[in-house]
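Below is one structure; the comments refer to it alone.
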Amino acid sequence: MSDSLYNTGLYARFARDLKRHVNGPNIKDVKLEDLREPAIQTGTQTKFGSWGWRSAVSSRIAEKTVYLGSEKVREYHLSDNKRKIISNAPDELDKVLHLMESLPFYRLRRQMGDNSEYNPKCNLYISTADLKNSRLAYMWGHTMGPITKAPGPEFTLIHIPEEHHIRQQVLMLPDHNITLVLGSDYMGEDKKGFLRNGMYAADALGMLGLHAGTKVVVIRDAKTDKLKRYGVFLFGLSATGKSTWSCHQLGLNWKKGERTLVCQDDICFLKNDGSAYGSEYNYFVKTDVDARLQESMYNALVHKSALYENVMINAEGRPDFLDENLCGNGRAVIMRKQLKIKRGHWPFAMKNIWYPTLNLPSVDELDGVVFAFITRRNTIMNFAQRLTPIQAALAYLWGESSHSYASNPAKAGESVRTVGTDPFIVGSRAHKVNMFYKIIMDLASNYP
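Below you can see the structure in the form of structure tokens.
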């Protein structure tokens, strides 16, 4: 990779200069509750009491997302478009500094994770030159938790949807924990901007950021009839089933004590002992949900607390989650404590299906751990098969899957290979594969 395309000195200077621009009189500190009124002014209320909004951009702009920094964070197979964005980045960074002085902004601070070790403090600066941008901070803020004294690095994301669409781009400066989202009003850019940074920083601390959901499955042993608890990781590209399978009850028998309890549906941080720190307090899910097949997700979606983006809402205010005529990537922030299912006879008892913490326990606290891969593409792997530890590492390497309306609408349904089913890897993919291999093999050796 030619060093002439990058200017690490300029990026460092931008990071220093930015610190002088984030406390101006045009920047207003807000709490999550402060954002409700400005957000709902531009929303549509549904029959359920929930609120929905529409965005001009309805998926991530992955082909316009670049990493600016030292050699260790750079991509090595750049498209012509990404090369152009990187080349023009100095001018864009200078413009951002100017806009940070002139445009009105809200600053919302929220926390990723809830543990004793790694809890990034996320600082979102959202331009409010357009009132409807308030809902971006309101929606994203619900996916994170309140700031605590728990340790964690500081992340910064500046979101300026007003940038002209011909200069639409996402610039990440991983060496400085800064992300700039320009010219897009899709909330997924805020979510994944912080989570991408979270995975990169976790990797540097010896953890492994994974694009995977996590859950605890309690099931009766077929031989002993005793209840056993397993930790489960569910890998998959965006909109291929992580949320569905993280929340799914798998046909287990609640009367006999069996159940599944969701920890996370998207991003987690794997540790050497098989445990995983969670990242999000609530979930940003794809809304093509069938009440018969995805009961808990449906119940959360029709609760008044749900926040919709690009969901079909008819003239009577009723959402239709399966109507994708206007958008194939309908989304919603759902509250994890509204993930419930009916069990028993009338009157039905609503049962919670969320785990008490965001974090998956270590193998020492469980009867085993399962790594499951939602492949969607079966050119190498069978439709369903049990993997050896080495095969699991290869499954992570191959990342057999398919594009979706969330990742690349123009190629939705087409086959794709993405290491770790994780398009958010910053830096060496080989390093991620080797870390995963080591953890898998150590677990297999220590817990045969």
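Take the position in the sequence shown, starting the count at 1, then add 179; the result is the number in the working numbering. Glycine included, every Cβ here is placed at the ideal spot set by N, Cα and C.
Please classify residue i: does DSSP put it in a helix, a strand, or coil?
{"i": "A470", "result": "coil"}
{"i": "I604", "result": "coil"}
{"i": "M220", "result": "Per the sequence shown, residue 220 should be read as Gln rather than Met. Three-state result, Q220: coil."}
{"i": "L406", "result": "strand"}
{"i": "Q428", "result": "coil"}
{"i": "D499", "result": "strand"}
{"i": "N302", "result": "strand"}
{"i": "M386", "result": "coil"}
{"i": "A241", "result": "helix"}
{"i": "Y255", "result": "coil"}
{"i": "I619", "result": "helix"}
{"i": "F373", "result": "helix"}
{"i": "K226", "result": "coil"}
{"i": "D213", "result": "helix"}
{"i": "T335", "result": "strand"}
{"i": "Q564", "result": "coil"}
{"i": "E629", "result": "Lying outside 180 to 627, the shown extent of the chain, residue 629 is not represented and no answer is given."}
{"i": "E579", "result": "strand"}
{"i": "W525", "result": "coil"}
{"i": "N508", "result": "coil"}
{"i": "Q347", "result": "coil"}
{"i": "T322", "result": "helix"}
{"i": "D444", "result": "coil"}
{"i": "T393", "result": "strand"}
{"i": "D208", "result": "strand"}
{"i": "K519", "result": "strand"}
Within 10 Å of its beta-carbon, does residue i have 16 or more other beta-carbons around it, so buried, or fewer, so exposed?
{"i": "Y584", "result": "buried"}
{"i": "L429", "result": "exposed"}
{"i": "A589", "result": "exposed"}
{"i": "T327", "result": "exposed"}
{"i": "N504", "result": "exposed"}
{"i": "N267", "result": "exposed"}
{"i": "P330", "result": "exposed"}
{"i": "D273", "result": "exposed"}
{"i": "H582", "result": "buried"}
{"i": "A470", "result": "exposed"}
{"i": "W525", "result": "exposed"}
{"i": "F527", "result": "exposed"}
{"i": "A235", "result": "exposed"}
{"i": "G592", "result": "exposed"}
{"i": "R289", "result": "buried"}
{"i": "L628", "result": "Shown here, the chain extends from 180 to 627; a query on residue 628 therefore has no answer."}
Hey, out of the options, whose CA is closest to residue i's CA?
{"i": "M386", "options": "D213, S594, L315, Y456", "result": "Y456"}
{"i": "S519", "options": "F552, L486, A494, M476", "result": "The sequence given here places Lys at residue 519; Ser does not occur at that position. Among F552, L486, A494, M476, the Cα nearest to that of K519 belongs to M476."}
{"i": "I206", "options": "G507, L282, G415", "result": "L282"}
{"i": "R262", "options": "S586, W232, I398, Y246", "result": "Y246"}
{"i": "Y317", "options": "L406, L272, K210", "result": "K210"}
{"i": "V542", "options": "F500, Y626, D502", "result": "Y626"}
{"i": "F284", "options": "L539, R515, S306, L359", "result": "S306"}
{"i": "K636", "options": "L359, S183, A381", "result": "Here the chain covers residues 180 to 627 and nothing more, so residue 636 does not appear."}
{"i": "E250", "options": "A470, Q290, Y185, M491", "result": "Y185"}
{"i": "A308", "options": "E280, G453, W533, L449", "result": "E280"}
{"i": "N461", "options": "D467, E212, N451, D444", "result": "D444"}
{"i": "W319", "options": "A218, D259, A494", "result": "A218"}
{"i": "E212", "options": "G324, R555, H200", "result": "G324"}
{"i": "S594", "options": "N302, D382, G415", "result": "G415"}
{"i": "I532", "options": "E254, S580, N478, G547", "result": "N478"}
{"i": "A191", "options": "P498, I264, P353", "result": "P353"}
{"i": "S580", "options": "N587, K371, T597", "result": "T597"}
{"i": "L413", "options": "V512, S183, K407, I446", "result": "I446"}
{"i": "L287", "options": "Q564, V252, D208", "result": "D208"}
{"i": "H200", "options": "R253, H277, I265", "result": "H277"}
{"i": "A485", "options": "N260, L501, G367, M514", "result": "M514"}
{"i": "I559", "options": "G578, A551, C506, G547", "result": "G578"}
{"i": "K617", "options": "G453, Y255, D259", "result": "G453"}
{"i": "R408", "options": "L214, V548, L257, N561", "result": "V548"}
For residue i versus residue j, is the C-beta spacing smaller than 8 Å?
{"i": "S237", "j": "Y365", "result": "yes"}
{"i": "L315", "j": "D369", "result": "yes"}
{"i": "E488", "j": "R510", "result": "yes"}
{"i": "S363", "j": "I240", "result": "yes"}
{"i": "E333", "j": "N298", "result": "no"}
{"i": "A231", "j": "T223", "result": "The displayed chain sequence assigns Gly, not Ala, to residue 231. Contact: yes."}
{"i": "G392", "j": "G377", "result": "no"}
{"i": "T554", "j": "H390", "result": "no"}
{"i": "F463", "j": "T322", "result": "yes"}
{"i": "V395", "j": "L406", "result": "no"}
{"i": "V481", "j": "F193", "result": "no"}
{"i": "T335", "j": "G248", "result": "no"}
Taking 8 Å as the threshold (beta carbon to beta carbon), is residue i in contact with chain B?
{"i": "S237", "result": "Absent here is chain B; the protein component of the structure consists of one chain."}
- prompt: Counting Cβ pairs, one atom from each stretch, are 3 or more of them under 8 Å apart for the stretch 566-581 and the stretch 402-410?
  reply: no
- prompt: Touching or not, the stretch 436-451 and the stretch 408-428, by the rule of three or more beta carbon pairs under 8 Å?
  reply: yes
- prompt: Do the stretch 525-545 and the stretch 338-357 touch if we need at least three Cβ pairs shorter than 8 Å?
  reply: The answer is no - the stretch 338-357 does not touch the stretch 525-545, with fewer than three Cβ pairs under 8 Å.
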